Each structure stands twice: as C-alpha cells, then as structure tokens.
Amino acid sequence: MGAHTASFLLGAEYRDTSTTSPTIVNLRDQRVKAGILIGATGHDGPSGETQTEMARRVAPFFAFTEFASMVTPVLTIFGDEDEPDYLTTRGKQWHRDAYDLGGGERKSLLTVKGAGHIFGGLSGWDVRETGEDESVERVGMVCRMGAAWLRTGLGIGDGDWEEACESLKRLEGLGSVEGK
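Mapping to the numbering used here: the sequence shown position 91 is 91, numbers consecutive.
Here is the structure:
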C-alpha cells in the first residue's frame with residue numbers, strides 16, 4: 001500500500017460521495033516537493049463500479065481515490081504486465097491512473113516492459129513473490145530512473161532526469177517514458 005499512501009501525501013484525495021453527507025479528505029503535505037509512485041493503485045469510478053468483489057471487501061477505499069487534486073510533481077512507475085484482476089475489472093491500465101488522471105504539471109510515466117507488480121525484484125532479490133518477473137536489469141533501471149527523477153524534482157540534479165531518459169532510449173526493451 002506504499003504507492004496508495006504516498007499518493008495522498010502528494011495530494012490525491014479520498015472522495016466518498018456515495019452517501020448523503022460526502023466525505024472529502026485531503027492529506028497533502030506541503031513539505032513534499034516531488035514523489036514517485038511504484039505500482040500505484042487506480043480509480044474505480046465514483047462508487048466502485050469496476051472493483052472486484054474481493055476489492056469491495058478488503059479495499060473499498062480504492063473506489064474513492066481521486067488524482068485530479070494531486071498537483072505535486074510525480075513519477076508514476078507502471079509495469080506493462082501488472083494485471084490487478086483481483087482488485088479491478090479495468091485491467092493493467094488501472095495502474096496508470098495516477099499519471100493519466102493526475103492534476104498539475106510535471107507528471108511523468110515510466111513504463112517498465114515485461115514487468116509485473118514486483119518490477120523484477122524490488123521487494124528483494126530472489127524472494128518468493130518475484131517469481132517469473134525476476135530481473136536485475138529492471139530493478140536497476142527503476143532505481144536509477146527514480147533517483148534521477150527525484151534529484152531533478154528536488155532541484156539538486158540539474159538535467160539528471162533528461163539524461164536518464166536519453167540513456168533509457170538506448171536500452172532497448174527495458175522501458176519508455178511519457179510526460180505531461
């Protein structure tokens with residue numbers, strides 16, 4: 001739940017408008033100047049219509065996450081094989097919502113080719129949940145790209161993000177970057 005929690009510090013809101021007295025919670029922390037969301041959760045409509053039955057039971061709050069208020073600069077890292085079919089009926093595109101629906105400026109999306117939710121082993125090399133997704137190349141790329149994003153986003157690495165994006169273009173098959 002790290003990306004879900006971080007999205008709230010970056011300005012995403014909890015908006016439950018399904019009752020007669022709507023609840024809107026904004027936990028944005030002004031001290032946070034830039035952030036990274038790895039394997040972020042998505043949005044399931046205003047009343048959770050695309051949530052699976054399991055998600056309704058264990059994580060109904062996903063339905064009420066709104067990203068338009070997330071105006072802090074954010075890098076969303078998305079695995080193009082990360083299928084959350086146990087949480088949503090929307091498919092893997094659900095993990096892109098923080099980028100696609102995010103407000104403000106300086107939003108970037110790093111698509112990691114061939115990656116599931118563990119991105120090649122971010123939770124630990126050779127751990128059980130890594131499974132078929134194990135890739136030291138993907139882990140290294142995600143770490144280097146994330147560090148470059150943060151250095152540039154925090155104003156301590158002039159041009160680091162642009163340089164990292166150019167380097168990624170030369171690493172065929174690892175990933176791609178979009179920005180808005």
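Backbone N, C-alpha and C define an ideal beta-carbon position, used for all residues, glycine too.
This structure is a prediction, so every number in the text was calculated from the model and none was measured.
The segment 63 to 78 contacting the segment 33 to 47, beta-carbon criterion three pairs below 8 angstroms: Because the criterion of three Cβ pairs below 8 angstroms is met, the segment 63 to 78 and the segment 33 to 47 touch.
task: Closer than 8 angstroms by C-beta to Met54: which residues in its own chain qualify, once you throw out the five before and the five after it? Chain order, please.
output: Excluding residues within five positions, the ones whose Cβ falls inside 8 angstroms are Tyr86 and Leu87.
- prompt: Do you know how far the Cα of Val71 is from the Cα of Gly179?
  reply: Distance between the alpha carbons of Gly179 and Val71 is about 14 angstroms.
message: Going by DSSP, what residue range makes up the alpha helix (DSSP H) through Glu166?
response: Bounds of the alpha helix (DSSP H) holding Glu166 are Asp160 to Lys169.
- prompt: Can you tell which of Thr65, Ser21 and Trp161 has its C-alpha closest to the C-alpha of Leu109?
  reply: Closest by alpha carbon: Trp161.
- request: My understanding is that Arg56 touches Gly48, with C-beta atoms under 8 angstroms, so please give their C-beta distance in whole angstroms.
  value: That belief holds up - the Cβ atoms of Arg56 and Gly48 are roughly 6 angstroms apart, short of 8 angstroms.
Entirely enclosed alpha helix (DSSP H) segments - the segment 26 to 65, minimum 4 residues: Uninterrupted alpha helix (DSSP H) stretches at least 4 residues long and entirely within the segment 26 to 65 occur at 53 to 58, given in chain order.
- prompt: Which residue comes first and which comes last in the beta strand (DSSP E) that contains Val177?
  reply: For Val177, the enclosing beta strand (DSSP E) has its first and last residue at Gly175 to Gly179.
With 16 other Cβ atoms within 10 Å as the buried cut-off, status of Thr19: That one is exposed.
query: Thinking just about the alpha-carbon of each residue, which of Glu66, Ala3 and Leu27 is nearest to the one in Pro46?
result: Closest option to Pro46, Cα to Cα, is Glu66.
- request: Determine the extent of the alpha helix (DSSP H) in which Phe8 is found, giving its start and end residues.
  value: In this chain, the alpha helix (DSSP H) harbouring Phe8 covers Gly2 to Leu9.
task: Enumerate, from N- to C-terminal direction, the unbroken beta strand (DSSP E) stretches of 3 or more residues contained entirely within the segment 75 to 133.
output: With a minimum length of 3 residues, the continuous beta strand (DSSP E) runs that stay inside the segment 75 to 133 are 107 to 112.
field: Extent of the continuous beta strand (DSSP E) run through Glu13
entry: Element bounds for Glu13: Glu13 to Asp16.
- prompt: DSSP state of Thr152, grouped into three classes?
  reply: In the structure shown, Thr152 adopts helical secondary structure according to DSSP, grouped into three states.
- prompt: Where Leu10 and Pro84 are concerned, what is the direct C-alpha to C-alpha distance, given to the nearest angstrom?
  reply: If I take the Cα positions, the gap works out to 23 angstroms.
message: If I measure Cβ to Cβ from Thr89 and keep anything under 8 angstroms in the same chain, skipping five residues before and after, which residues do I get?
response: In the same chain as Thr89, and ignoring 5 residues on each side of it, the C-beta atoms closer than 8 angstroms to its own belong to Thr50, Gln51 and Thr52, in chain order.
field: Within 9 angstroms, strictly: CB atoms of Gly175 and Lys113
entry: Their beta carbons are under 9 angstroms apart, which means Gly175 touches Lys113 by this criterion.
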